[in-house]
Each structure stands twice: as C-alpha cells, then as structure tokens.
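Going by our numbering, the first residue of the sequence shown is number 603, and it counts up by one from there.
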Amino acid sequence: MKKIDRRSFLNDVCPAIAISMIGATFLESCSKGSDDEGINVSLNTDPANESLGFAVKDNVVEVDINHPAFAKLNSDRWMNITAQQMFLLKISESSYRAFTNSCPHQGVRNSWSYNQSENRFVCSRHGNSYPSDCTSSGTTGNVLECYTTSVTAQKLQITKP
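Put into structure tokens, the structure is as follows:
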C-alpha cells in the first residue's frame with residue numbers, strides 16, 4: 603500500500619467531496635440569465651398560503667403590503683422581490699409601480715439600489731440607471747419593463763405579461 607501525506611490527501615480528496623456536496627444546482631445558478639427568461643420562479647404558488655406575504659396565481663402576484671416581509675417597501679419606498687423577479691416602488695399610500703428586476707443591459711437581477719432624489723433604479727453591476735416613470739429611457743437607451751398594478755384592501759396586485 604502506498605503511503606500518502608496529509609497535504610496530498612487533502613488536495614486530492616477535498617475538491618471532489620466539495621463538488622459532490624454542492625452538486626449541479628450550484629453550477630446551474632452561475633448561468634448568464636438569458637437562458638432563464640420565461641421561467642416562472644415562485645416560492646409560493648398557493649393563493650391560500652400567505653405565510654410569505656404574497657401569493658401567485660397564473661401571471662398575477664398578490665402582495666399583502668402590511669405583511670412584515672414587506673416592511674422594507676413601506677420604510678424605503680422600494681423593494682426587490684427576487685423570488686418573483688420584480689421590484690416594487692411605493693409612489694403613495696395607495697399607488698405602487700412594479701417593474702421587472704432584469705437589467706436591460708445584461709439581465710442582472712440582484713444588484714440594484716434606488717436613488718430617491720433622482721427617481722431612478724441603479725444597477726451596480728455597471729452603473730446603469732433607469733427612471734421609475736415606466737416611459738423614459740435609461741443610460742443604456744432602454745426602459746425598465748413595468749407591470750400593471752392595483753391596490754384593493756391593503757393587497758397589491760401585480761399583473762405580469
């Protein structure tokens with residue numbers, strides 16, 4: 603039997619164990635995003651289950667705007683809901699806008715901030731920014747896609763195309 607020192611053993615075995623534990627899901631999550639378009643990602647597809655503060659049925663997302671999960675929306679006036687691939691923006695107590703959270707430049711979904719003084723979403727990946735008026739072009743010449751919204755009895759309904 604061949605003797606092997608500890609360092610060689612760890613160098614040979616640990617990477618294989620780490621890869622097997624992480625699995626293919628980690629590798630799949632590193633995609634650019636273009637192959638992810640059209641996938642309906644949802645943490646909650648049962649309209650009766652409100653434990654997450656939102657429910658999804660077909661292309662409609664209903665948000666309980668008083669749910670603790672959406673406290674950031676009320677305090678910061680905006681929120682990125684990555685599970686539903688969209689931003690919410692509070693315009694007033696009874697008016698909200700919803701946008702895709704996919705950057706028109708490269709499809710980034712989770713590197714956003716909101717500049718309240720300029721009313722613009724800023725993608726920190728490359729510094730591009732996009733107005734929140736649903737009509738004006740951003741720094742790349744594109745407009746963030748807006749979704750239809752309505753508020754009834756403290757429930758915000760967002761209709762995606």
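Using N, Cα and C, we set each Cβ at its ideal position, and we do this for glycine too.
(request) Pull up the CB-CB distance for R699 and C736, whole angstroms please, since I reckon it's below 8 angstroms. (result) With 8 angstroms as the limit, R699 and C736 qualify as a contact, their Cβ atoms being about 7 angstroms apart.
(request) May I have the straight-line CA-CA distance separating S697 from S752, to the nearest angstrom? (result) Put simply, the backbone Cα of S697 is about 8 angstroms away from that of S752.
(message) With the cut-off set at 7 angstroms, would you say Q759 and V662 are in Cβ contact?
(response) A distance below 7 angstroms separates the beta carbons of Q759 and V662.
(request) Let me know if F628 comes out buried or exposed under the rule of 16 or more other beta-carbons within 10 Å of its beta-carbon. (result) Low local confidence applies: a pLDDT of 43 at F628 is under 50, so the model's placement there is unreliable, and no value is given.
(message) Considering only DSSP beta bridges, list what Q708 is partnered with.
(response) According to DSSP, Q708 bridges with nothing at all.
(request) Throw me the rounded Cβ distance for the Q686 and R711 pair, which I believe falls under 8 angstroms. (result) With a Cβ gap of about 11 angstroms, Q686 and R711 do not count as contacting.
(message) With DSSP as the reference, identify every bridge partner of E695, one or two as the case may be.
(response) Beta-bridge partners of E695 (DSSP): none assigned.
(request) On a CA-only basis, which of T761, L746, S713, R609 is nearest N682? Give me that one, please. (result) With distances taken between Cα atoms, N682 lies closest to S713.
(request) With a cut-off of 8 angstroms on the beta carbons, I'd call T741 and S731 a contact; round off their distance for me. (result) For a cut-off of 8 angstroms, the C-beta gap from T741 to S731 is around 5 angstroms, short enough to register as a contact.
(message) Which residue wins for smallest C-alpha separation from P706, given the options N717, E747, D678?
(response) Nearest to P706 by C-alpha distance, out of N717, E747, D678, is E747.
(message) Taking the beta carbon of R722 as the centre, do at least 16 other beta carbons fall within 10 Å, making it buried, or is it exposed?
(response) Flag for R722 reads buried.
(request) Tell whether a beta-carbon distance below 7 angstroms holds between L690 and L675. (result) Closer than 7 angstroms, so yes.
(message) Could you give the first and the last residue of the continuous beta strand (DSSP E) run that contains L746?
(response) Membership of L746 in any beta strand (DSSP E) is not indicated, and neither H nor E is assigned to it by DSSP.
(message) Comparing C-alpha positions only, which one of N744, V665, V658 sits nearest to S704?
(response) When only C-alpha atoms are compared, the closest one is N744.
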